[in-house]
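> Using my numbering, you'd call the opening residue of the sequence shown number 3 and step up by one each time. Idealized CB from N, CA, C, for every residue including glycine.
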Amino acid sequence: MSEDKQPVDPTRLSIEQAAKLLSAAYRERIDAEKIRKDLHEGAPANVDGTINLVNYSAWQAKEMGRGE
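#1: Cutting at 7 Å between CB atoms, please list the residues of its own chain near residue 45, excluding the five before and the five after it.
#2: Work out the CA separation of residue 51 and residue 21 for me, nearest whole Å.
#3: As an exercise, report each continuous alpha helix (DSSP H) stretch of at least 4 residues that is fully enclosed by the stretch 30–67, in chain order.
#4: From 23, 29, 12 and 65, pick the residue whose C-alpha is nearest to that of residue 41; which is it?
#5: Ignore the nearest five residues each way along the sequence and tell me which others in residue 13's own chain have a CB closer than 6 Å to its CB.
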């Protein structure tokens, strides 16, 4: 029997879900630790600690524009 798959809400991802989703999108491994580091450096997070993928991606684009 296949396991039940819950729909993923891109506005409320756990760090692990975000890492898995971004790894698939970028076709390279994105560690959860990298996302934790980004959060420590100011990446946006929801009050409950989840990640809004659109907000996080926008933050990444802004940071890339800084040349860091």
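So, from the data block:
#1: The answer, listed in chain order, is 58 and 61.
#2: 14 Å
#3: 34–42 and 55–67
#4: 65
#5: Excluding residues within five positions, the ones whose Cβ falls inside 6 Å are 54.
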